[in-house]
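So the sequence lines, in the order shown, correspond to chains A and B. Counting from 2, one number per residue, gives the positions in the first sequence under our numbering. Counting from -13, one number per residue, gives the positions in the second sequence under our numbering. Here a beta-carbon is modelled for each residue, glycine too, at the ideal position from N, C-alpha and C.
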Amino acid sequence: GDSVTQMEGPVTLSEEAFLTINCTYTATGYPSLFWYVQYPGEGLQLLLKATKADDKGSNKGFEATYRKETTSFHLEKGSVQVSDSAVYFCALRRGGSYIPTFGRGTSLIVHP
Amino acid sequence: KAGVTQTPRYLIKTRGQQVTLSCSPISGHRSVSWYQQTPGQGLQFLFEYFSETQRNKGNFPGRFSGRQFSNSRSEMNVSTLELGDSALYLCASSIGRDRGYEQYFGPGTRLTVT
């Protein structure tokens, strides 16, 4: 079945550091790929998405590129802020007849 | 546009009772999915409804059920509550294929079973 593997956290960084959160997936075909973010006490928010190979999703300084050859969708940000502290989820969906698949989430802690 | 709303936000129930949670999707979204989130198991898919029909179902016992109404609002029901049902229950709505199945989540209902 489909699966998503994320690096385990927590990831602890100082403000203005470079962020990478790794995400690899297993799925046949060309699923849509997503990053969601969850702030404490809230539901998940869509951060960015990519729907075909080599697409780059971007939002709020975050970027991720759909790499079919390595089945990866790593999240990056050039300079993190304290306000980026949250849990980040990588997810995929192959289509309407398939259930969405989420990774376990990676906690990011950014210190001033 | 208003976001996804869930009611109630917090709920405390006793083992053996049943509970109904409600979700109102974003206007125009016909798909509603439900998830259970716990620290130990992470985010687990319960079921998805599209145009009042259950389209997909996760691996949960029959005590968990749901439905969707003609206005796309959805409810999920858990009968004979167990301590392990304590969790954050999240609802998400989606337009579907036209937007690559991206989902918009509500704030969740925190269920505590004592």
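Where residue i falls: helix, strand or coil (DSSP)
i: glycine 116(B); result: An answer regarding residue 116(B) cannot be provided, because it is not within the stretch -13 to 100 covered by chain B.
i: glycine 106(A); result: coil
i: arginine 94(A); result: strand
i: serine 4(A); result: strand
i: serine 59(A); result: strand
i: valine 81(A); result: coil
i: phenylalanine 74(A); result: coil
i: tyrosine 67(A); result: coil
i: threonine 52(A); result: coil
is_contact[residue i, chain D] using C-beta, thresh 7 Å
i: proline -6(B); result: You won't find chain D in this structure, because its protein chains are A and B.
Inter-residue Cα distance where the pair is residue i and residue j
i: serine 13(B); j: tyrosine 87(B); result: 16 Å
i: proline 113(A); j: glutamine 39(A); result: 20 Å
i: aspartate 85(A); j: proline 11(A); result: 13 Å
i: glutamine 54(B); j: serine 15(A); result: 45 Å
i: threonine 13(A); j: valine 111(A); result: 6 Å
Given a limit of 7 Å on CB to CB distance, which residues of the stretch 56 to 87 of chain B reach chain A?
Leu76, Gly82, Arg83, Gly86 and Tyr87
Which residue spans inside the stretch -11 to 18 of chain B form an unbroken beta strand (DSSP E) run of at least 3?
-9 to -7, -4 to -1 and 5 to 10
Short-range partners of chain B found in the stretch 21 to 36 of chain A, where Cβ spacing is below 8 Å
Ser33 and Phe35
Which residues, taken in chain order from the stretch 24 to 41 of chain B, show a beta carbon closer than 8 Å to some beta carbon of chain A?
Identification of residues in the stretch 24 to 41 of chain B having a C-beta nearer than 8 Å to some C-beta of chain A yields Gly28, Leu29, Phe31, Glu34, Phe36 and Arg41, given in sequence order.
Taking a Cβ distance cut-off of 8 Å, strictly less, list which residues of the stretch 50 to 64 of chain A are near chain B, in chain order.
Lys50 and Thr52
Identify every run of the beta strand (DSSP E) within the stretch 4 to 35 of chain A, keeping only runs that are complete inside it and at least 3 residues long; order them along the chain.
4 to 7, 12 to 15, 20 to 22 and 24 to 27
Would you list, in sequence order, the uninterrupted beta strand (DSSP E) runs of no fewer than 3 residues that lie entirely inside the stretch 47 to 96 of chain B?
50 to 54, 60 to 64 and 73 to 80
Along the stretch -6 to 12 of chain B, what residues have a CB closer than 8 Å to any CB found in chain A?
none
Given 8 Å, three or more beta-carbon pairs between the stretch -4 to 3 of chain B and the stretch 17 to 32 of chain B:
No contact exists between the stretch -4 to 3 of chain B and the stretch 17 to 32 of chain B.
Going along the stretch 2 to 15 of chain A in order, which residues come within less than 9 Å of chain B, judged by CB to CB distance?
none
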